[in-house]
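Enquirer: Sharing a structure below in structure tokens format, with a few things to ask.
In the numbering used here, the protein residues as written are 322 to 565.
Structure representation (structure tokens):
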């Protein structure tokens with residue numbers, strides 16, 4: 322369930338977006354999964370408008386819509402009433418920056434007093450046993466750092482991994498989540514495996530299932546969704562989508 326003071330991610334103008342919940346109420350008395358959430362977030366006023374922190378009502382069906390609550394239990398954070406107060410005080414701000422102060426930064430600052438997004442620790446894969454189905458890996462793809470979920474591993478002389486990731490189909494094409502095979506040679510490639518030891522994570526089989534359930538999605542955004550949107554509650558990490 323969603324509560325006042327929560328930081329959530331939700332679909333907004335076709336992208337994943339963060340906001341602070343300041344009010345929760347049912348929108349259908351016959352179905353408690355249909356809710357009205359009042360959120361504080363950076364709005365989108367159009368291509369030529371100025372993005373401003375506003376308080377706005379949104380209606381969701383929690384059984385159908387991708388609405389997820391960030392988990393800050395591993396960090397010091399303010400009490401929910403203080404988070405709401407801090408968020409409302411931000412209304413009217415117009416200090417949006419694509420690279421350094423988006424809704425995710427504003428929401429995190431209201432919750433913890435910090436703006437930086439924590440990154441997951443990771444380790445370099447040096448042996449074939451370092452990579453398993455359900456792992457989130459980082460590797461070079463189209464000359465850039467890229468993340469993917471491993472769904473199958475085979476061990477011949479090299480490692481063949483079937484991964485689920487956002488593909489690159491050309492500058493003018495739409496990036497789509499696909500399942501694709503890659504062949505890695507650990508001796509000559511830097512493959513890094515994300516470490517979730519401090520997090521409550523799903524089983525490898527469930528991670529694989531959840532990854533495959535996102536196939537064919539086209540919600541890619543360079544700044545907020547370079548791999549997957551957070552599809553679960555997140556421990557304050559920016560890519561911790563495999564966490565319960």
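Beta carbons are placed, not taken as given, at the ideal position from N, Cα and C, and that holds for glycine. Note that the coordinates shown come from a computational prediction; the quantities given were computed from them, not determined experimentally.
Looking at the structure shown, is residue 398 part of a helix, part of a strand, or coil, going by DSSP?
Expert: Residue 398 sits at position 77 when you count from the first residue of the chain shown. Coil, per DSSP.
Enquirer: Count the C-beta pairs between the segment 324-331 and the segment 397-406 that are closer than 8 Å, then say yes if the count reaches three, no if not.
Expert: yes
Enquirer: Give the secondary structure of residue 475 by DSSP, where H, G and I count as helix, E and B as strand, and everything else as coil.
Expert: In the chain shown, counting from the first residue as 1, residue 475 sits at position 154. In this structure, residue 475 counts as strand in the three-state DSSP scheme.
Enquirer: Please identify the residue among 366, 362, 340 and 380 whose C-alpha is closest to the C-alpha of residue 352.
Expert: Taking the chain shown and counting its residues from 1, the one referred to as residue 352 is at position 31. Residue nearest to residue 352 within the set 366, 362, 340 and 380 is 380 (criterion: CA-CA distance).
Enquirer: Could you say if the segment 452-459 and the segment 520-532 meet the contact criterion of at least three C-beta pairs nearer than 8 Å?
Expert: Yes: at least three Cβ pairs fall under 8 Å.
Enquirer: Could you tell me whether the segment 483-490 touches the segment 500-516, where touching means 3 or more Cβ pairs closer than 8 Å?
Expert: yes
Enquirer: In the DSSP assignment, what residue or residues form a beta bridge with residue 344?
Expert: Numbered from its first residue, the chain shown carries residue 344 at position 23. The partner list for residue 344 (beta bridge, DSSP) reads 359.
Enquirer: Quick one, are the C-beta atoms of residue 358 and residue 390 less than 8 Å apart?
Expert: What you label residue 358 is simply residue 37 of the chain shown in a count that begins at 1. What you label residue 390 is simply residue 69 of the chain shown in a count that begins at 1. Against a cut-off of 8 Å, the Cβ pair of residue 390 and residue 358 comes out as no contact.
Enquirer: Would you check if the distance between the CB atom of residue 356 and the CB atom of residue 341 is smaller than 8 Å?
Expert: As a first step, residue 356 is located in the chain shown; it is residue number 35 there, counting from the start. As a first step, residue 341 is located in the chain shown; it is residue number 20 there, counting from the start. Going by C-beta atoms, residue 356 is not nearer than 8 Å to residue 341.
Enquirer: Can you tell me the Cα-Cα spacing of residue 418 and residue 534, whole angstroms?
Expert: Here residue 418 refers to the residue found at position 97 of the chain shown. Here residue 534 refers to the residue found at position 213 of the chain shown. The alpha-carbon atoms of residue 418 and residue 534 are separated by roughly 32 Å.
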